[in-house]
Amino acid sequence: MDVVHPLSGTIAELIWLVPVLPFLGFLINGAFSLTSAYLPGPLDPSSDPTSGHSGHTGEFPALQATHHGHRHRWEKATTIIGPAVIILGFLLSAAIAWTMIQRGGDAPFIQRYSTWMPAGTLQVDWAFQLDHLSMVMVLIITGIGSLIHIFSVGYMREDPGYPRYFAYLNLFVVFMLALVLGANYPVIFVGWEGVGLCSYLLIGFWFSDTNNADAGKKAFIVNRVGDFGFLIAMFLLWSNLGALDFAGVAAKAATFPVGSGVITAICLFLFLGCAGKSAQMPLYIWLPDAMAGPTPVSALIHAATMVTAGVYLIARSSFLFAVSPTASLTVVIVGGVTAIFAASIALKQWDIKKVLAYSTVSQLGYMFVGVGAGAYTAGVFHLVTHAFFKALLFLGSGSIIHAMHEAYHEGHAHHDDAQDMRNMGGLRHTMPFTWAFMWIATLAIAGVPVFSGFFSKDEILGQLFERAHGSTLADAHWFGIPGSAILYLFYGLGLITAFMTAIYMTRMMLYTFHGENRSDEKARPHLHEAPWIMTGPLAVLAVLSAVGGWVNLPEWFTEKLPVGRTEALHHWLEPVVGHATTALAGAQPPTAMSTELSLVAAAIACALGGILTAWLLLKPAKLTSAAKAPAAHGVARVLERKYFVDELIQMLLVNPVIRVSRTLLWRGIDVGLIDGLMVNGSASVARGIAWVGARAQSGLVGNYAWAIALGVLGLVAVMTLG
Amino acid sequence: MIGPALFFSACLFAIGVMGVLTRRNALILFMCVELMLNAVNLSFVALSKLHGVGGQVFVIFVMTVAAAEAAVGLAIVIAVFRHFRTVDLGALRLLRG
Amino acid sequence: MHTDLPLLFTFHFYLFGVLAVASALLFVTRKSPVSAALWLVNVMFCLAAEYVMLDAHFVGVVQILVYAGAIMVVFVFVVMLLNLGHPSETSDFRSKGTRLAAGAVALLLAAEVLTLMRQPWPQLASPDVPDNVVRPVAQTLFTEYLLAFEVTSVLLLVAIIGAVTLAKRGTQG
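Chains as they are written, first to last, in my numbering: chain A, 243 to 964; chain B, -15 to 81; chain C, 13 to 185.
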């Protein structure tokens, strides 16, 4: 390339430093956790008679340790280094983003550091690609990451594994940055696997509890299924397109005809990977269990960043999906079904984190609907706003759980489930800041106007309707079903999902903060607001949740209320996904303003209707604490048990595997074949030969002479006869 | 005369083998081995009429080795006799498994 | 070669051959080590005569000197040293079955070797071997096989040292 990139020579050259900083943090904190007098992780709940029920609560063995008055030896150093490396990274990436805005330049800024796999024609480099899409992601990761790191200081300081926690968290940021900055699929895959590893490590952070360790394993194993898809996609890319870097793949993909089978296969395998990482049907099952990890982890990894990697990957591979309407429609279908499915489960969950987990799955479904329908900007936009308000919701729930736990301990109360909403209620009096901030997030996720979620969700639904009305996608067919029918259907389902979202979020807020407090008498006076180090990040996130939508204001809004630039994010991402967006949209007349406004009205009606429904129908006063609550019946029971999916998997998948393993693999192959026939068998054969040999070794010279004589006789006989 | 010489050689060799297989006395066994070596020597000499004097040179080497073997072997026999008070190989069962 | 051998020569060749085989048979069947050794000396003499008749005069002389004169004397000497020369001692023969089997093996071996020998022999070297072959033997020994010859001297030295060490009394009881 002769043309000098406008970013070369600027601070953007330092993009490598953004992941290197957290890596240093990982090394230092990791060293702390290794060298210090490290208390054995969480205390075993069964050995502690004062906390009989803490096994059910999952969270906060930390406080039990506090009870014994332990803090990690390197707690102060970790407090400074852990968040500082991320904050520095955020400042650096903000400076880079500023340079990018100033200098512009549509082409991606690719930095090659070294060659990774020089194998014949396969050349894979360690290379970073800085463009508009990865810039957005880097800002989200370092920005939200900084806030969550700061929050973690307050949340995890008492934990004996404090430096280990920050080491994992720093390492996660490293891999996440590698994921979004990678300039080719293999580098992305490194980050992809790395975040999976960190997710596993952090879900099972309190690993001495079997449930937590199992949840980590579940996440890891389910993700393997998706990663297999990613790998196959890469193999197919290499064998059919002969390239693995984005520029090369994009150039080659454009030469394929629309609807090409190869590209569709690649896209579907890629999407399998995305479905695993981003918890879509049918691989969503790991995410709710992943809530076993510390709550800030849920906020960072399982809400704001890692789980959105799938959305990012599809947006990144838009040049592939643009060639395959079938794959794009599949993404829409899976995303849409997941969205409504998860939303319905969230309606009846009692664990506050489970509500948020299913809500995350549901919102991820929205994002996939967006990117599947070719509205890549809308999908990424929702990714951004979702990162704001879902991080806020998780951190808020963390603050609640933290308060509940401390109250149980300080009040020496019976240790109920600190995450069950039936044990909460009325917290707005004791935790006013958290209450206010979480209401902002709730309004945002429900899609109430001017909050961030409203704009992003509305854009996805609006784009979906527009595409259904007439586009390349609508003209395509998915197993004989016309695309427009699918898009219309999922527009309708999207509206219903939005309605359900509003209901379950309001329900969560009502049960948690409103009504009477249902916790233990002894614990109640000890409930208090979280320290500033935790409410501070909440406040920042609350502001972002409120105004974050302004990065991409729709035209109809700015026309009436000229407060910001129209569709700023859309223009920003235009160089990356613009081509694919137009390819999937096709030549379509712009939607009339009246149609657009009525769509907006429908969305607002759903949001407000949901909130109102929940407000009117749900009576927090009627709730009893979890221990006394009656079992649910009928539909409610099905929803509460998550459609029995886990039980179904246990029955159809896990149990047969266990049975086959136990009978065939263990008893048959391992014990019978390997141990019996091969190991012991070869031993007996050796023993038998040795027995014969020992008989031959009589130690008598005469016998040896006989043996020699007969041998000579035989040899000479062979020579004679031969 | 090569044919008859080889015939006698084969006979002597077979007799040597028979001696090794039938006797237990270590001394006689050694003598049997010497007989076998002599049988081979006869073949060497006979065939040297066909193939040149190399065969005779080999006979000289065989004799040297036989002399060395006899020296060491008889020394061993003496050592064995001192230890076991016999040269019967049936008595030497220390190597027996 | 000697295609027109005189009858007397042929007679003597066979005579000494038969004598050698007969002596060998007597040798392996004697109980007494001393008589066995003496029969073996007889075999050696017969073989020496055969060597001379096969134009290997040097080898014949060395046969008498080394085998009959040195090696066999050592054997007899050891027999006397260990006082084994009494035939009244229990027989060292193995059982009758073993002896029969050994005889069968020996016969089979002889038959096989003879069968092998009936095959035509390839002629490799020049046939014009002179009647007195001491000079060519020496020439070959000290030129072509010089290294082997020298190594043999080392072997003999080692054998002497080994024999002395083994037979020395008192070191190991």
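Ideal Cβ positions, reconstructed from N, Cα and C, are used throughout, including at glycine. Note that the structure is a prediction, hence the values are computed from the model and not measured.
Worksheet item: Does DSSP put A/LEU625 in a helix, a strand or coil?
Response: A/LEU625: helix per DSSP, three-state reduction.
Discussion item. Does any residue of chain A have a CB that is nearer than 9 Å to the CB of C/ARG106?
Written reply: yes
Practice prompt. Taking C-beta pairs closer than 8 Å, name the residues in chain B that C/ALA48 reaches, listed in chain order.
Written response: ILE12, MET15
Fill in: Neighbour flag for C/LEU66 against chain E, beta carbons, 9 Å
Within the model displayed, chain E is absent; protein chains A, B and C are what it includes.
Discussion item. So with CB distances below 8 Å, who are the chain A contacts of B/LEU5?
Written reply: GLY944, ALA947, TRP948, ALA951
Worksheet item: Since C/VAL149 meets chain B, which of its residues come closer than 7 Å, beta carbon to beta carbon?
Response: Going along chain B in sequence order, the residues near C/VAL149 (Cβ under 7 Å) are VAL37, GLN40, VAL41.
Worksheet item: Helix, strand or coil: which one does DSSP assign to A/HIS719?
Response: strand
Fill in: Helix, strand or coil at A/GLY403 [DSSP, three-state]
For A/GLY403, the three-state secondary structure derived from DSSP is coil.
Fill in: Residues of the stretch 159 to 180 of chain C with Cβ closer than 8 Å to any Cβ of chain A, in chain order
Those residues of the stretch 159 to 180 of chain C that come within reach of chain A (Cβ to Cβ, closer than 8 Å) do not exist; the list is empty.
Practice prompt. Report yes or no: is there a C-beta of chain C within less than 9 Å of the C-beta of A/GLY362?
Written response: Any Cβ of chain C closer than 9 Å to the Cβ of A/GLY362 would place that residue at the interface, and such an atom is absent.
Worksheet item: Going by the beta-carbon positions, is the gap between A/GLY578 and A/GLY518 smaller than 9 Å?
Response: no
Discussion item. Judging by CA-CA distance, which residue of A/GLY918, A/ALA645, A/LYS764, A/THR714 is the nearest neighbour of A/HIS654?
Written reply: A/LYS764
Worksheet entry | Runs of beta strand (DSSP E) lying entirely within the stretch 317 to 383 of chain A, each at least 3 residues, in chain order | 351 to 361, 364 to 372
Worksheet item: Which chain B residues sit within Cβ distance under 7 Å of C/LEU37?
Response: The contact set of C/LEU37 on chain B, defined by CB atoms closer than 7 Å, consists of ILE(-1) in chain order.
Worksheet item: Counting along the chain, where does the alpha helix (DSSP H) carrying A/PRO538 start and finish?
Response: 537 to 541
Worksheet item: If you draw a straight line from the C-alpha of A/VAL262 to the C-alpha of A/ALA485, how long is it?
Response: A/VAL262 and A/ALA485: Cα-Cα distance of roughly 27 Å.
Worksheet item: Hey, does B/LEU(-4) have any beta-carbon neighbour from chain A nearer than 9 Å?
Response: no
Item to complete: Taking C/VAL117 as the query, report the chain A residues whose CB atoms sit under 8 Å from its CB, ordered along the chain.
Response: Under a criterion of Cβ atoms nearer than 8 Å, the residues of chain A adjacent to C/VAL117 are, in order, ALA951, LEU952, LEU955.
Discussion item. Given a cut-off of 9 Å on the beta-carbon distance, is the pair A/GLY234 and A/LEU715 in contact?
Written reply: Chain A is shown from 243 up to 964; residue 234 of chain A falls before or after that span and cannot be answered.
Item to complete: Give me the Cβ distance between A/ILE383 and A/VAL415, rounded to the nearest whole Å; I'm assuming they're in contact under 8 Å.
Response: 6 Å
Fill in: Residues near A/ARG419 in its chain [Cβ-Cβ closer than 7 Å; skip 5 each side]
In the sequence on display, residue 419 of chain A carries Leu and not Arg. These residues qualify, in order along the chain: VAL260, PRO261, VAL380, ILE383.
Worksheet item: Any beta-carbon of chain B closer than 9 Å to the one on A/SER288?
Response: Summary for A/SER288: the model assigns pLDDT 38, below 50, so the residue's position carries little reliability, and this model does not support an answer.
Worksheet entry | A/ALA959: contacting residues in chain C (beta-carbon distance under 7 Å) | What A/ALA959 touches in chain C: GLU124.
Item to complete: Kindly list, in the order they appear in chain C, the residues whose Cβ is closer than 9 Å to that of A/THR962.
Response: ALA123, GLU124, VAL125, THR127, LEU128
Discussion item. Quick check: the Cα distance between B/VAL71 and B/ASN9, rounded to an integer number of angstroms?
Written reply: Rounded to the nearest angstrom, the two C-alpha atoms are 6 Å apart.
Fill in: Beta-carbon proximity list for B/LEU73, same chain, < 8 Å, skipping 5 on both sides
In its chain, beyond the 5 residues on either side, ARG8, ASN9, ALA10, LEU13 have a beta carbon closer than 8 Å to the beta carbon of B/LEU73.
Practice prompt. Check the C-beta distance from A/THR619 over to A/THR754 and give it rounded, since I have them as a contact under 8 Å.
Written response: The Cβ separation is near 34 Å, so there is no contact.
Worksheet item: CB-CB under 7 Å to A/ALA951, same chain, minus the five flanking residues each way: which ones, in chain order?
Response: Correct list: empty, nothing qualifies.
Worksheet item: Which residue comes first and which comes last in the alpha helix (DSSP H) that contains A/GLY653?
Response: Taken as a continuous stretch (DSSP letters only), A/GLY653 belongs to no alpha helix (DSSP H), as it is neither H nor E.
Discussion item. Among A/TYR885, A/LYS870, A/ILE745, A/SER601, whose alpha-carbon lies nearest the alpha-carbon of A/LEU635?
Written reply: A/SER601
Discussion item. Check this for me: beta carbons of A/SER641 and A/MET663, under 9 Å apart or not?
Written reply: no
Worksheet item: Name the DSSP beta bridge partners of C/PHE105, please?
Response: Paired residues: B/ARG7.
Item to complete: Let me know the secondary structure DSSP gives C/LEU178 once reduced to three states.
Response: helix
Fill in: Within-9 Å CB hit, B/LEU68 to chain C
A small fix is needed here, since residue 68 of chain B is Phe in this sequence, not Leu. Not closer than 9 Å to any Cβ of chain C, the Cβ of B/PHE68 fails to qualify, so no.
Practice prompt. Would you kindly work out how many angstroms separate the C-alpha atoms of A/LYS318 and A/VAL437, rounded to a whole number?
Written response: 26 Å
Worksheet entry | B/LEU73: contacting residues in chain A (beta-carbon distance under 7 Å) | VAL943, GLY944
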